[in-house]
Each structure stands twice: as structure tokens, then as C-alpha cells.
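**Student:**
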Amino acid sequence: MDKTRVGCWSVVALVVAQTLSTLLSGGPPELRIVGVVFNAAAAFSTYLLLRRPDRNRWPLVAWTAGFFGWHVTGLLTLAGIVTTDLDVAFTVGGDQQFSVLYQAVLTTLAGFAVHLLLPRPNRT
27 MDKTRVGCWS VVALVVAQTL STLLSGGPPE LRIVGVVFNA AAAFSTYLLL RRPDRNRWPL
87 VAWTAGFFGW HVTGLLTLAG IVTTDLDVAF TVGGDQQFSV LYQAVLTTLA GFAVHLLLPR
147 PNRT
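Counting from 27, one number per residue, gives the positions in the sequence shown under this note's numbering.
1. So is V114 buried or exposed if we call it buried at 16+ other beta carbons inside 10 Å?
2. Should V132 and K29 be called a contact, given that it needs their Cβ atoms to be closer than 9 Å?
3. Look at L112 and S125 and say whether their C-beta atoms are less than 9 Å apart.
4. From which residue to which residue does the alpha helix (DSSP H) around R31 run?
5. Can you check which of these residues, T45, A139, C34, is closest to F94 by C-alpha distance?
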């Protein structure tokens, strides 16, 4: 399996985890709907790239980089370094320690997915 497919499957895992946590969170319904829509768009971009790996991968790289930034913001918010007033969006199940672990794992997964999805120069 090549790096592009591994990156795509990493995004699938990321989107599934995010969607489940979004649906199970106690956040406002508007926030949950926006989260599910973003995850659905990223899942569709993943589907398109898996279907034709020779096509443009930049939309999926952009989605994954956005997810990386979102989870970094979640880590910084939960650590109290940055005040975003989005604590309810970053807290999973009302448990602070689990939420920090969740954000750390998804930040790492998104970072690796971006790394795997970036185009590589041809070596000749």
C-alpha cells in the first residue's frame, strides 16, 4: 500500500472518530451539524482520492491540515494556554483528561495524514 492510500485511510479513521465524538458531545446542535457537514466533505474528498489516486490531492491535504489546526487549538484550549470560548466543542464526554488524550491522539493522526498525503518529488 502506498503512502497516499495510508494517508487516506488515516483521514477515514480521523473523520469517523470526529463524527462520533461530535454526535455524542453535549454541544449546541448548530455546532454538531457544522462538524458533521465538515466531516462529510472531508470523507467525500477522501473517497475521490481513493478512487483516483493520480488526481489532485490538495483538497484532502487542506481538509486534513484544517483538522490538525482544529485539534491543536483544542489542546491549547483545554490546557488553558488559549481562551477560545469553545471548551464545549473540545470536551468529549465531560471528562477533561479523556478530552486532552482525544485531542492529542487526533492531532497526531492528522499530522501524520498530512505528511503522508503531501506530494513527493520524483526521484530520478
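Note that the Cβ used here is the ideal one computed from N, Cα and C, for glycine as well. These numbers were taken from a predicted model, which means no experiment stands behind them.
**Tutor:** Short version:
1. exposed
2. It should be pointed out that residue 132 corresponds to Leu in this sequence rather than to Val. No, the Cβ-Cβ distance between L132 and K29 is not below 9 Å.
3. Taking C-beta atoms as the reference points, L112 and S125 fail to come closer than 9 Å.
4. 29-50
5. The shortest C-alpha to C-alpha distance from F94 to any of T45, A139, C34 is the one to A139.
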